[in-house]
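**Q** Sequential numbering from 966 applies to the sequence shown in my numbering.
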Amino acid sequence: MLGQPPRRFTTRRLSAVALFVLAATACDDATQDLEAKGPVGVTAVVVDTIRGEEDGPSSLSQIRGIAVDAGGRVYVADGVEKSVKVFAADGSFLRAMGRQGQGPGEFNTPQGVAIGPEERAYVYDPQARRVVVFDSTGAFDDMSNIPIFSYGYRWEGGIDTEGRLLDQQLRRVDTSRVMNVRRVDLGSGVIDTLPQPNCAPLAPYYAFERGSASVPFSAGEYIWIDAEGGGTWCADRATANAYFFPFGDTLARDSVKSLANPMPVTGEERAVEVARLDSFALRAGGPSPDFDQIPDVKPVLTSLDRDERGRLWMTVRDSAGDAMHVFDTNGEWMARVARRSHRWRVPTAWCVTIGST
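1. Rank P1254, P1227, P1229, P1169 by C-alpha distance to the C-alpha of A1240 and give the top, closest one.
2. Counting C-beta neighbours from all protein chains within 10 Å, is the total for D1055 16 or more, i.e. buried, or is it exposed?
3. Any idea which residues DSSP pairs A1200 with across the strands?
4. Taking only three categories from DSSP, how would you classify A983?
5. Excluding sequence positions up to five away, which residues of its chain have a Cβ less than 6 Å from the Cβ of G1196?
6. Using only alpha-carbon positions, find the residue among L1059, R1060, V1096, P1112 that is nearest to G1070.
7. Does the distance from the C-beta atom of G1152 to that of A1079 stay below 9 Å?
8. Taking DSSP as the reference, what is the three-state secondary structure of V1078?
9. Return yes when the Cβ of Y1171 is within less than 9 Å of the Cβ of A1246, no when it is not.
10. Exposed or buried, what is T1014 when buried is set at 16 or more other beta-carbons lying within 10 Å of its beta-carbon?
11. Between G1063 and V1045, how many whole angstroms is the CB-CB distance? I'm expecting something under 8 Å.
12. Taking three-plus beta-carbon pairs below 8 Å as touching, is the segment 1259-1269 in contact with the segment 1183-1202?
13. Figure out for me which residue from S1284, V1221, D1243 has the closest Cα to the Cα of R1276.
14. Any contact of the segment 1218-1237 with the segment 1287-1307, i.e. 3+ C-beta pairs under 8 Å?
15. Which runs of the beta strand (DSSP E), 3 residues or longer, sit entirely within the segment 1252-1309?
16. Within the continuous alpha helix (DSSP H) that includes R1241, where are the two ends?
17. Any idea what DSSP makes of V1011, helix, strand or coil?
18. Closest by CA to G1185, which one among S1177, N1163, G1176, A1192?
19. Does V1146 pass the burial test, meaning 16 or more other C-beta atoms within 10 Å, or should it be called exposed?
20. If you run the structure through DSSP and keep just helix, strand and coil, what is E1071?
21. For the beta strand (DSSP E) containing G1176, name the first residue and the last one.
22. How big is the Cα-Cα spacing for G1251 and I1259?
23. Less than 9 Å between the beta carbons of T1158 and R1142, yes or no?
24. Going by C-alpha to C-alpha distance, which of F1105, P1160, V1302 sits closest to G1286?
25. Considering only the beta carbon of each residue, do V1291 and W1278 sit closer than 9 Å?
26. Once the 5 residues before and after R1218 are set aside, which same chain residues still bring their CB inside 8 Å of it?
27. Note down the Cα distance separating R1282 from T1126, rounded to an integer number of angstroms.
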C-alpha cells in the first residue's frame, strides 16, 4: 500500500511468468468452471505463459507492473532489469523499452506501467520522480517530472482517457497526513487533489518499539483507482461488495455485490502466525501482541479491474476457491469464473471473454 515500506522479493531471473491469457482455441472443459446468469458463456479460457530466456533481453527478474494494450501486447515493468519488456499476445518476446539511467527513456526503478490514449505506455518511476512515455512502436515519446511523496512496491494508479495520471498520495493536513487521489495533467503540470472515500477501516497492525507488523488475516479497506471509469472503487476486503465514488465525490454512486463464504483460519495457520509475531515482538522490543485481534476468517476480496467493454471483474478467494466475479456495465452480476491462483493481477480482459451463446 502507498506510504508503507516496499516488501522484499528475490531477484531471481524468471524464464516464464504464468498468466491467464485469451487465446483463439477454446478449452474443452471451460464451461465446467463457469456459473452464469442468463445467456452467457465462455468463448475461451486458456492458461498461457510469457516466455523469456534465463538471461538476455527477454529475462524477467522483479515484476513491478503489468499492462495490456488493445492489440493484446503485454507490458511488464522489471525493477531489476530497469526496463519494460513487451510480449506479443502468444507470449513471445517483442522488445524491451528503456534502460537504467537519468536521460530520456531511462529509469531509476520502473514501478508500474499503464496504457493511455493512442496506445502510449506510461511508465511510473517514483524514485526518479517522473513518468516516462513511449509510443505504440516502443520509441521514447515524452518524459514528465512530477512530485512523488509516497509509493509502494507497485504503482496502484493509472492513466485516464485524457492522458492524465491518477494515483494516491499522502498529503499533510495540519498535524496529520491524509491520503488523497491525485490527478496530474502531464502536459500543463496542473494537479488536482481529490478526496479519497473512506468506506472501511484500515487493516489493523501491531506497533512495537522498533517496528510494526500487520495483524494476520485481517481484512480492512481496499481502494482501486478506476482511471477509465472516472472514479474510485472502495471496499472492505471482508466481503465481495464494492462501492464506486466518482472523482471528487464523497457519496457512492454505484455498487457491485456478490456472494462469498470466507475461509476459516485454521488452528495450524493461527499457531504459525502467533509464533512468528512472538519472535518479531522480541526483536522489536515489545510489547507482546494481542492475539485476540487475529480474526477467525480470511479476507475474500483481492482486487478489482475493468475490461475493454466496461465490465467490472472482482477477484475473490473464498471457500469455493479462487474465482473472478463478472459484473455488467449496470453493476449486475453476470458470471463467476473459476481460475487458478497467480501472483500478479493481470488486466481482466485477458482472463475470459463472455458473450451471447
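We treat Cβ as the ideally placed atom computed from N, Cα and C, and that holds for glycine.
**A** Concretely, from the data shown:
1. Nearest of P1254, P1227, P1229, P1169 to A1240, Cα basis: P1254.
2. It counts as exposed.
3. A1200 pairs with Y1187, A1207.
4. Because the pLDDT at A983 is just 40, under 50, the model does not fix this residue reliably, and the point stays unresolved.
5. These residues qualify, in order along the chain: F1209, F1210, P1211, F1212.
6. Per the Cα distances, V1096.
7. In this structure, the beta-carbon distance from G1152 to A1079 does not fall below 9 Å.
8. DSSP, read as helix, strand or coil, puts V1078 in strand.
9. For the pair A1246 and Y1171, the CB atoms are nearer than the 9 Å cut-off.
10. Low per-residue confidence applies at T1014: pLDDT is 49, beneath 50, and the placement is therefore not dependable, though the value from the model is reported in the following sentence. Per the 10 Å Cβ criterion, exposed.
11. Cβ-Cβ separation between G1063 and V1045: approximately 13 Å, too far for a contact (criterion under 8 Å).
12. Taking 8 Å as the limit for Cβ pairs, the verdict is that the segment 1183-1202 does touch the segment 1259-1269.
13. Ranked by Cα distance from R1276, the options S1284, V1221, D1243 are led by V1221.
14. By the Cβ criterion, the segment 1218-1237 is in contact with the segment 1287-1307, since at least three pairs of Cβ atoms, one from each stretch, lie closer than 8 Å.
15. DSSP runs (the beta strand (DSSP E)) wholly in the segment 1252-1309: 1266-1271, 1277-1283, 1286-1292, 1298-1303.
16. 1232-1248 is the extent of the alpha helix (DSSP H) around R1241.
17. Residue confidence is low: V1011 scores 35 on pLDDT, short of 50, so the model does not pin down where it sits. Its coordinate-derived value is still stated next. DSSP places V1011 in strand when its eight states are reduced to three.
18. When only C-alpha atoms are compared, the closest one is N1163.
19. It counts as buried.
20. Strand.
21. If you look at G1176, you'll find it in the beta strand (DSSP E) that goes 1176-1179.
22. Taking the straight line from one Cα to the other gives about 18 Å.
23. No.
24. Of the candidates F1105, P1160, V1302, V1302 places its Cα closest to the Cα of G1286.
25. Against a cut-off of 9 Å, the Cβ pair of W1278 and V1291 comes out as a contact.
26. G1196, F1209, F1210, P1211, listed in sequence order.
27. Distance between the alpha carbons of R1282 and T1126: 31 Å.
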